[in-house]
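For the numbering used here, add 32 to where a residue sits in the first sequence, where the first one is 1.
Note that the Cβ used here is the ideal one computed from N, Cα and C, for glycine as well.
Here is the structure we will look at.
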Amino acid sequence: MKVERVKGTRDFLPEEMAKRRWVFERIREVFERYNFHEVLTPTFEYTELFKLRSGEEVVKQLYAFLDKGGRDISLRPDMTSSVARLYVSAFQTAPKPIKWYYIANMFRYEEPQSGRYREFWQAGVELIGSDKVEADAEVIALFTESYLATGLEDFTVNIGDRVLLDEFAKMLGVKDDIGLMRLIDKKDKLTQEEFVKALKDFGLSDEGVEKVLSLIEIKGESNEVLPKAEELFTSEKAKAEIRRLYELVDLLDAYGVSKWIRIDLGIARGFDYYTSVVFEAIAPNDLGIGSIGGGGRYDNLIEVFGGKPTPATGFAIGIERLIPILEWKGLIPEIRLRPDVYVIPIGKDVELRKTAIEVVSALRRAGVKADVELTGRKLRKALDHAGRLNVPYVVLIGKRDLENGNVTIRDMETGEQRVVKKEDVVKELLEALGL
RNA sequence: GCCGGGGUGGUGUAGCCUGGUCAGCACAGGGGACUGUGGAUCCCCUAGCCCGGGUUCAAAUCCCGGCCCCGGCCCCA
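Printed below as a string of structure tokens:
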């Protein structure tokens, strides 16, 4: 019986890997420029860690199992919990802020569908130890610049706020604030009528429905919509939070990223551990892909894990969401996998083969991507193979040349051949390749 | 967890409705024609009905269950 891949997982072939690596490297460079440093935690943790954060129900979304020692283990569903654990266990007294990033695979036990796998990759950062709006701005600016670094320009970073959503629920006298947020989060999937009906079914009065409709109207350029928020909200707590948002967009302007920033108070981003600012990136596309990443402030999580109360903020970029969009827009450069030179020994003679290896090794040491014939093909087939690979130059090593200390360089495009001294082959090829 | 559509050599597919011919074709891979000169041509070879059960004289084909893929729902920390 054939052994298949595990459900929801993928094999990445060389072409795909080259593209993925290109994207990772663009993002990594920006992270580094912002002086975030890379960390990597174990692929699996005690299931308890994730339960602490999100409650018992998350277990059914986790790739959870008992190991041979009877430990209750889960593959990480994201990096935030692990990073918080790491911080609590060893970095509570480290100089603040701590700026960490990661590029790693995550696992969730869910039904695979478009853009959703059981193993997927995220590139993200966590900034621990500052509750200031400056920290939010730094993180959101980096979030924005990460997408820009991949060449993506047609996207927005939409900012919402959990404090305002909480205050809003209080204002309406709603007890099930999570239920309300869940509903508000779904607004874009429903028509206006369906949405209103859902709100009424939820138990809102006509006035309440009106207020929700005003809330989701608070969406767009910050200078246009923040004044509307000031009108809608009355509590002191809400007012203070709105002032914070004003400061935030002001700082983001200083970062030079305001062009991509929008306010959208209807964003909830799940309902687990975010405490204040939340944000997500959306890039218009025909692929049915929604959010391509998101994050927010989580000031309570570290104490949940047994640390001193410590503010933190961060984001994660979903690579499986981003890459299809970049490809769809043609932003990922074609990466050629072919070698620049292919060395073919003519015949089975061991000395010839050794000379071929010496030549290819010299080329490789000189920085040329070079390959050597390994299958024992005859010359005709070997040239055929080189032609299919689109290799620009072939070095032929045969008895006839070698008797005079020569090898032959063949230009595969023109078919021209030159006999050169064996010692000169590297120099000649470097020149021909323009290296 | 639920719903819909699928699963035939490495890849793409024909055949399935209406059961019965060696499961056909193309590309890819290996070898040869052609032992030092490429992409051509010809020949040969490798390699397949997702798994299990049922119906039947006979199953790729019909039925049931499972697994997996594609998409949607739930959920999305």
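Three-way DSSP call (helix, strand, coil) for residue i in this model
{"i": "Asn422", "result": "coil"}
{"i": "Ile364", "result": "coil"}
{"i": "Gln224", "result": "helix"}
{"i": "Lys401", "result": "coil"}
{"i": "Arg294", "result": "strand"}
{"i": "Asn255", "result": "helix"}
{"i": "Phe44", "result": "coil"}
{"i": "Thr176", "result": "helix"}
{"i": "Ser106", "result": "strand"}
{"i": "Ala136", "result": "strand"}
{"i": "Val487", "result": "Residue 487 falls outside the range modelled here, since the chain spans only 33 to 467, and no answer is possible."}
{"i": "Asp193", "result": "strand"}
{"i": "Ala181", "result": "helix"}
{"i": "Ile378", "result": "coil"}
{"i": "Thr345", "result": "strand"}
{"i": "Arg65", "result": "helix"}
{"i": "Val451", "result": "strand"}
{"i": "Gln124", "result": "coil"}
{"i": "Tyr306", "result": "coil"}
{"i": "Ser468", "result": "This structure cannot settle anything about residue 468, because the visible part of the chain is limited to 33 through 467."}
{"i": "Val206", "result": "coil"}
{"i": "Gly235", "result": "coil"}
{"i": "Leu94", "result": "coil"}
{"i": "Asp285", "result": "helix"}
{"i": "Asp443", "result": "strand"}
{"i": "Glu142", "result": "coil"}
Under 7 Å between C-beta atoms of residue i and residue j
{"i": "Leu283", "j": "Ala169", "result": "yes"}
{"i": "Gly320", "j": "Arg150", "result": "no"}
{"i": "Ile357", "j": "Asn317", "result": "yes"}
{"i": "Val71", "j": "Thr345", "result": "no"}
{"i": "Gln154", "j": "Met138", "result": "yes"}
{"i": "Ser113", "j": "Phe63", "result": "no"}
{"i": "Ala230", "j": "Leu212", "result": "no"}
Nearest residue (CA-CA) to residue i, options the options
{"i": "Ser323", "options": "Ala300, Met138 and Met203", "result": "Ala300"}
{"i": "Gly327", "options": "Ile248, Gly430 and Met111", "result": "Met111"}
{"i": "Thr176", "options": "Lys380, Arg409, Ser308 and Ile59", "result": "Ile59"}
{"i": "Lys128", "options": "Trp360, Gly161, Asn332 and Ala402", "result": "Gly161"}
{"i": "Arg117", "options": "Ile355, Thr342, Leu204 and Arg214", "result": "Thr342"}
{"i": "Gly298", "options": "Lys380, Leu333 and Gly192", "result": "Gly192"}
{"i": "Arg275", "options": "Lys243, Val309, Val244 and Ser113", "result": "Val309"}
{"i": "Glu255", "options": "Arg353, Arg140, Asn422 and Ile293", "result": "In the sequence under discussion, the amino acid at residue 255 is Asn, which differs from the Glu named in the question. Ranking Arg353, Arg140, Asn422 and Ile293 by Cα distance to Asn255 puts Ile293 first."}
{"i": "Val195", "options": "Ala136, Lys218 and Thr307", "result": "Thr307"}
{"i": "Val8", "options": "Arg370, Phe234 and Asp304", "result": "Coverage of the chain is limited to positions 33 through 467, which leaves residue 8 absent and any answer about it impossible."}
{"i": "Ala173", "options": "Val392, Val289, Arg52 and Gly379", "result": "Val289"}
{"i": "Asp43", "options": "Ala313, Val373, Phe152 and Phe187", "result": "Phe152"}
{"i": "Glu268", "options": "Gly147, Lys202 and Leu411", "result": "Lys202"}
{"i": "Leu204", "options": "Ile105, Leu236 and Arg442", "result": "Leu236"}
Cβ neighbour criterion (16 or more within 10 Å) applied to residue i
{"i": "Phe200", "result": "buried"}
{"i": "Glu405", "result": "buried"}
{"i": "Val382", "result": "exposed"}
{"i": "Asn67", "result": "exposed"}
{"i": "Val38", "result": "exposed"}
{"i": "Val451", "result": "exposed"}
{"i": "Leu45", "result": "exposed"}
{"i": "Thr407", "result": "exposed"}
{"i": "Val35", "result": "exposed"}
{"i": "Glu273", "result": "buried"}
{"i": "Leu98", "result": "exposed"}
{"i": "Ile295", "result": "buried"}
{"i": "Tyr78", "result": "exposed"}
{"i": "Glu86", "result": "Checking the sequence shown, residue 86 turns out to be Ser, not Glu. Buried, since its Cβ has 16 or more Cβ neighbours within 10 Å."}
{"i": "Asn422", "result": "exposed"}
{"i": "Lys431", "result": "exposed"}
{"i": "Gly447", "result": "exposed"}
{"i": "Lys413", "result": "exposed"}
{"i": "Lys386", "result": "exposed"}
{"i": "Pro109", "result": "buried"}
{"i": "Ala96", "result": "buried"}
Chain-order list of residues whose beta-carbon lies under 7 Å from that of residue i (same chain, five-residue window excluded)
{"i": "Tyr134", "result": "Glu70, Val71, Leu72, Met111 and Gly156"}
{"i": "Glu61", "result": "Ala181"}
{"i": "Gly437", "result": "Lys453 and Lys454"}
{"i": "Asp433", "result": "Val439, Thr440 and Val451"}
{"i": "Phe337", "result": "Leu84, Ala116, Arg117 and Val120"}
{"i": "Tyr179", "result": "Phe187 and Ala313"}
Nonlocal neighbours in the same chain, by C-beta distance under 6 Å from residue i, ignoring five residues either side
{"i": "Leu363", "result": "Gly183"}
{"i": "Glu279", "result": "Val165"}
{"i": "Asp217", "result": "Ala300"}
Sequence-distant residues of the same chain with beta carbon closer than 8 Å to residue i, five excluded per side
{"i": "Asp304", "result": "Arg85 and Ser86"}
{"i": "Tyr425", "result": "Asp372, Val373, Tyr374, Ile441, Arg442, Asp443, Met444, Leu461, Ala464 and Leu465"}
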